[in-house]
Every structure is written in structure tokens, then in C-alpha cells.
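Protein chains: 2
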Amino acid sequence: MELRIALIGFGNVGQGFVKILARKSPLLAERYGVDLRVVAVSDRSKGSVYDPGGLDPSALLSLIEEEGSVSGYPGGVKGMGSLATIRETDSDVVVEVTPTDLETGEPGLSHIRAALEAGKHVITSNKGPIALAYGELSSLARESGVELRFEGTVLSGTPAISLATEALAGAEVLGVEGVLNGTTNFILTRMEEGVDYEDALREAQRLGYAEADPTADVDGWDAAAKLVILANVVMGADLSLGDVEREGIGGVTREAVARASAYGRRVRLLASAWRSGGAVAARVAPAEIPLSHPLASVSGVTNALTLRTDHLGDVTIVGPGAGGVETGQALLSDLLAVARSLRARSGPPL
Amino acid sequence: MELRIALIGFGNVGQGFVKILARKSPLLAERYGVDLRVVAVSDRSKGSVYDPGGLDPSALLSLIEEEGSVSGYPGGVKGMGSLATIRETDSDVVVEVTPTDLETGEPGLSHIRAALEAGKHVITSNKGPIALAYGELSSLARESGVELRFEGTVLSGTPAISLATEALAGAEVLGVEGVLNGTTNFILTRMEEGVDYEDALREAQRLGYAEADPTADVDGWDAAAKLVILANVVMGADLSLGDVEREGIGGVTREAVARASAYGRRVRLLASAWRSGGAVAARVAPAEIPLSHPLASVSGVTNALTLRTDHLGDVTIVGPGAGGVETGQALLSDLLAVARSLRARSGPPL
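First to last, the protein sequences are chains W and R.
Just so we're aligned, residue 3 is where the first sequence starts under this note's numbering, counting upward by one.
Just so we're aligned, residue 3 is where the second sequence starts under this note's numbering, counting upward by one.
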């Protein structure tokens, strides 16, 4: 089976995904019987190229590395904008990996709407559109008879959405608790090692873990967006970002971290959602976690998520929460899930 | 969609599964659009009953509680043996949950063969047949065009198989490491608290965690069987139980546990498989795990599994590893996965 992919956005995550394809396409074809063929790439700053015969992943990566743009790709149609690429190319799946905007969701939101309206499956790691408009987008996908998957929005390739909705199908998720942001985790880990908040933040910025404007991470917006996605998708809530009670790590002192340590605890930016009356309440705030809890085993850019379930009690998953190839893995597992269900659909009727 | 279930075995796990159905059938129908209908139950010692119209889960549970047998069920056909129940009832799925035999795989192995040959999907939590004959049984399922799922064989309802093969599809599992046996975990946890091995073992027996003959647990056979399943299914190995280098916890002293503790480590019965040359090597043995590792956060009957992957490095899942309802959850998630792929198959062709 062939899945023809239009890739919208070719930054760190888009490149991580294409790196996987460059290395593994023959193996994926052999093991999963699926030919994942990127036919179009469109990026606001890195140019665009469309070739219905398929683009060569290695050639795309070399061009980005050498020229910072795909415009020099030999052959193909150049210069199509993202919406034209979504609507006018011969593609089955739109992979949307443009930068996240938690206020407007754009440009991802318009991209995803256009793709679903055009009857194309959508796979994204873009938190903005899913945190802001999951209800609308999932209805649109249902109406169009296509799939909308977004594993990469929460813990990069570490399964969170598919863990709760598929691997744990039938169990009720009563609550979630997670250490969902790598940057604050890195800063708090450095503070445990005796570094001041300001110095740890500067170090995170130097290493590329934190942005020049670190607000999204240290003030808890990134964790809150992931929490909203989890609450809405796996707990059936209907939360907006503004519904999350939110406190960042700016007020955490080195002394507080050391005091927690002395009592066998670790300070982490904890994201929690729980049922409260008929609704779901959600909070992101620094919390002291006992070392004996699996969530406390998480340092640096590793993240962790505990699902509180009816049949199993707590189930915790620990793994990387960011990275280009790591998030590319989320896109890949979503694509293979789409392939599985398409293959079942084309099998003999029952 | 209706899935008609023949339940072979009605012990702790079978009852745990039926308890879930008794409580949740309406919710499952609403949320997943699937009517999970048990039409037959057959148990070597608790009798059998078949009613093509469906059996009432609550009535089955009351009968077991009050009479220890389903023979008093009002109506239906009584006294069919397990093979007749598998072959002659009008059922879509056989759920095989008879007791595990790691030497012969029986009676589960014959049950599963008969079901697959009869063109029925099979869902099982029975380690014996899968550890001994995964290759044969999966080929048979493919030839018959049906599904064979066995999530419950490794960590009860905590996802291990579906985590590696579906949620992490596309990633290569390079190795696995796990604390896969709850009984030894309980004993080692008690030894950390200062109890001698013999006393901790007797306590585990009193609490029903360990059998009168504790060999399967304390000598590592149970963990080895789970490891063989993992290695063969998620690493593409072809191991037999005898290929696993195996050392139980009988030689672990209270002093060794205390010494590890003093160095910030915990002794656990660790099951590991790794690639070695072109093959896969596997080992079950007591090991000291640093407290900072997520596998060390596991106490008592909680289990944990680390998957070593190419795209994500280590991904660890922590959750219950045994229990009637917990293993019932594994059967349920497998049933819902079968329902998903059947529903896709009956959708419009592409």
C-alpha cells in the first residue's frame, strides 16, 4: 500500500521525520507493507517542491543542510504555498509540523481544516490546533471519513494518546498526572545540582532547550497545552487553555529544591487533570514528588505521564518528550496506524 | 457491531473479564459501538453453558460465587466440553484463559489451534501456548484470516505487546529489560524491609501471591516465559524457554538486599533480552538497579518494562502485572482492537 504524503513544515520535526524515512523506507515497506512516499514539502521559509512521482528523502535533507532550502530540488513543481500544497497535490495524508502558536493555532489550524475538508488524513505534532480546536477538528475528520492523529503533540514519540485510547481501550481514564515539559525539567534538575534558577535557564537557552523568550516553557503554557489535549482526548473533557490553573517555575528557589531533596522528594512542574463533580479540573504547578514515585525518576528532557485508570490503577510511561527524530517517530506510528486501518478497509468484507 | 465470545476457562481471569462486562457493557456499546456478548462459558471444573442469545454476565458471576459452577444457569445448552464449545458454538472470538502450563502449553495450545482452525479470532492471557508456539500459532492465524492477540500474557492489562507493536510502530526494539514477576518483587520488597527470604515467601503464599509450589515464580520460569514472548514478538527472535539463561531469587540473602540498599540500589529479578550477533540472547537473574532508574520504582505486585528503541532510546512502562480484573482489561483491549479492525473492514472500500 502506498501512502502519499504532503509535508507542511520542514523544520526540526519535519526533518527528523524525513531522516527516518531516508534510513528506513525499505525496512518499513518490508515489515509493514507500506510505501511512505513524500510527494510534497512546503515550508514558509525553506521553499516548496511537489513531484507526484515522489521526492527523495536524502536529497531533501542534503539540500536543507547545504542550502537551507528545498528550492534547488531537481525537477518537480516549485513555489506552491502551503494551502495549495494541501489542496492541489495528489496526496493521501497531510503531515502538519509548522511551529506551534498557542494563541491562534495558526498557521496549523487553517492547514488542518483545509486538509480535512479536502478529504485527506491529517497527522500532526502541532499542539496549537489540537489544544484550541480538538472538538471542531475531530468532527470535521469524522464528517470527511478521514483520520486525524496527533500522537506527537504530548510526549513526542513516547506513546501517550495511543496508549490511553488504543492500548488501554476499554479502561476509563479517571485522571492524568505528568511531567510534560523537558525544559523546566532540565532547569529543575540543574537546580538540584546546586545551580541557581537564572543560571540554569541561561544554560538551557545556550543548549537550545529553551527559547530566547522562555515564557511558553517556564510559565507552564507548554505543559498546560499538553494537559488540555490529554484531558479533552482521553478524559472526554472540554477544556480551554484558560481553564488550566497555572503556575510556572519562576518562583522555585534553589533552597526549596534542596529542602525537598533532603526529604526524599524532587520538585517537578506537575500537570494534573482530575474529575471534579461532573467536570474535569486541570492544574500545572511546581510540586514535590516522592522519589519512590515513577514520575520522580524523570530528569532532564525525559518526560513521564501517569494515567489513573479504573481497571489498572496507575499506569506510568516514561520516555523522551521532545526532539526531531523522537517526534518524527510519533508521525511515523500515526502513519502506520492509518495504513493499518486502510488495509483492513480494503480487505475482504465480512 | 456484535462480537460473540466463547470463554474457555472461568477462573480468576475469566471472572475478572466478566466482571468488567457486567459493569460496563452499556458504556462500551456507547463509546466503542460494540456489543461484547458472551455466548458460551466452558471450564473444566466449573461446568459449561451455551446460549446463542447470549449469557447474562451478572448471573454467571452470582452462580460462581454461590455454587462454584455455571451448571445451574437457567436455560442454554449444558455440558459441552471446551473443544466442542470452541468448534460448535456460534461465536466470533474465543477468549482462552485456562491455567498456564509452561511445559506442554496444554490445554490452551489445543484450544487455540482448534479456534484458529475454525476461523475464530483468539484472545488469550495464557502464557504457555504463546511462549511455546508463537510462530506456529501466528502463521495459523494468518492463514485463517483471523487475529491472535495476547496482551495479557506479559504485564496483565498494562500494555506491553500493543505498546511495542502498535503504539511504537516503526521503531525498532533493540532490547527489552523488565521486572516482570510480581511475586518475586513482593518477596524482594519485604526483604528490603528486613524480612528473611523464607518468611517473605511464606507471607506471599499466605496472601495468595505465590503458589504452594512457588517454583514458577521464584526460579524465574514465569519471568522467562514472558521474556520469550517479548523477544519473539517485539524483537523478531525465535527463542525457546530453554534458551533463557535463568537464575532465581532463592540465593538472594537479606544481607545482599541491605548492602544494595546502602549503595542506593534495589535488588530485582531482572529479565533482559538483547541482540547479540545476528541472534537475540535472553537472561533472567537477580540484579541491582540504581534507584534513579524507572525500573527501580517498582515495588510489590507492580511490574515495569523498558523497551530500548532506535528512535526514542528507552521507553519504560510501569503498571500492575497481575490480577483478575487487570488481566480482564488486557482481554478487553484486545477485543476492542479486533472490533476496530473488523469495523474498518466493513467500511466503504477505498
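C-beta atoms are modelled at their ideal positions from N, C-alpha and C, and glycine is treated no differently.
query                                                                                                                            : result
Own chain partners of R:Asp89 with C-beta closer than 7 Å, once the 5 adjacent residues on each side are dropped                 : Per the sequence shown, the amino acid found at residue 89 of chain R is Arg instead of Asp. Counting only Cβ-Cβ distances below 7 Å, and skipping sequence neighbours, we find Ala116, Ala120.
Chain R contact residues for W:Ser164, given Cβ-Cβ distances below 8 Å                                                           : Glu168, Ala169
CA-to-CA distance, R:Leu314 to R:Ala171, given in whole angstroms                                                                : 12 Å
Delimiting residues of the alpha helix (DSSP H) encompassing R:Thr308                                                            : Per DSSP, R:Thr308 belongs to no alpha helix (DSSP H); it is in the beta strand (DSSP E), 304 to 311.
Same chain, Cβ closer than 7 Å to W:Leu243, neighbours up to 5 away in sequence not counted                                      : Leu104, Ala133, Ala226, Ala227, Val230
Endpoints, the alpha helix (DSSP H) within which W:Leu115 is located                                                             : In the sequence on display, residue 115 of chain W carries Arg and not Leu. Segment 110 to 119, the alpha helix (DSSP H) holding W:Arg115.
Three-state class that DSSP yields for R:Leu352 in the structure shown                                                           : Here the model assigns R:Leu352 a pLDDT of 49, short of 50, so the residue's position is not dependable, and the following value carries that caveat. Note: R:Leu352 maps to coil in three-state DSSP.
Per-residue DSSP class, three states only, for W:Ile251                                                                          : coil
Below-9 Å beta-carbon distance, R:Gln17 vs any chain W residue                                                                   : no
At least 3 beta-carbon pairs within less than 8 Å: the stretch 16 to 23 of chain R vs the stretch 49 to 69 of chain W            : no
Inter-stretch contact at 8 Å, needing at least 3 Cβ pairs: the stretch 320 to 330 of chain R / the stretch 332 to 339 of chain W : no
Top-ranked residue by Cα proximity to W:Tyr34, from W:Lys48, W:Glu4, W:Ala258                                                    : W:Glu4
Residue-level contact to chain W via CB, R:Ser1, 9 Å cutoff                                                                      : There is no way to answer for residue 1 of chain R, as the model of chain R reaches only from 3 to 352.
R:Leu241 in three-state terms, based on DSSP                                                                                     : coil
At least three beta-carbon pairs within less than 8 Å, the stretch 174 to 184 of chain R to the stretch 295 to 315 of chain R    : yes
Bounding residues of the beta strand (DSSP E) (the contiguous stretch that carries W:Ala42)                                      : 37 to 45
Selection of the stretch 296 to 309 of chain W by Cβ proximity to chain R, strictly under 7 Å                                    : Pro296, Ser299
Chain W contact residues for R:Leu62, given Cβ-Cβ distances below 7 Å                                                            : Those do not exist, as R:Leu62 stays about 19 Å from chain W at its closest Cβ, beyond 7 Å.
Enclosing alpha helix (DSSP H) for W:Gly154 [first to last residue]                                                              : 154 to 157
CB contact check: W:Leu352 to chain R, cutoff 9 Å                                                                                : Only weak support exists for where W:Leu352 lies, its pLDDT of 49 falling under 50; the coordinates are left without a value.
With 16 other Cβ atoms within 10 Å as the buried cut-off, status of W:Ala341                                                     : buried
9 Å Cβ cutoff, R:Thr191 in contact with chain W                                                                                  : no
Contacting residues, own chain, Cβ-Cβ under 8 Å from R:Leu352 (five flanking each side not counted)                              : Low local confidence applies: a pLDDT of 49 at R:Leu352 is under 50, so the model's placement there is unreliable, with the coordinate-based value given in what follows. Once the five neighbours on either side are set aside, R:Leu352 has no close Cβ partner at all.
Nearest residue (CA-CA) to W:Gly222, options W:Val72, W:Asp58, W:Gly184                                                          : W:Gly184
Within chain W, partners of R:Ser335 - CB distance below 9 Å                                                                     : Glu168, Ala169, Leu170, Ala171, Gly172, Ala173
Interface positions of the stretch 113 to 124 of chain W facing chain R (Cβ-Cβ less than 8 Å), listed along the chain            : none
W:Ala281 (DSSP reduced to helix, strand or coil)                                                                                 : strand
Partners in chain R for W:Pro322, counting only beta-carbon separations shorter than 7 Å                                         : Leu314, Gly315
Element boundaries [beta strand (DSSP E), containing W:Tyr52]                                                                    : 49 to 52
When W:Leu241, W:Leu62, W:Glu149 are compared against W:Lys122, the one with the closest alpha-carbon                            : W:Glu149
Sequence-distant residues of the same chain with beta carbon closer than 8 Å to W:Thr191, five excluded per side                 : Ser301, Gly302
Sub-9 Å separation of R:Phe12 and R:Leu62 beta-carbons                                                                           : yes
Separation of R:Ile7 from R:Gly81, as counted between CA atoms                                                                   : 17 Å
CA-to-CA distance, R:Arg261 to R:Ile251, given in whole angstroms                                                                : 16 Å
Helix, strand or coil at R:Ser2 according to DSSP, with G and I counted as helix                                                 : Not covered by the structure: residue 2 of chain R. The range shown for chain R is 3 to 352.
C-beta contact flag for R:Leu139 and R:Pro131 at 9 Å                                                                             : yes
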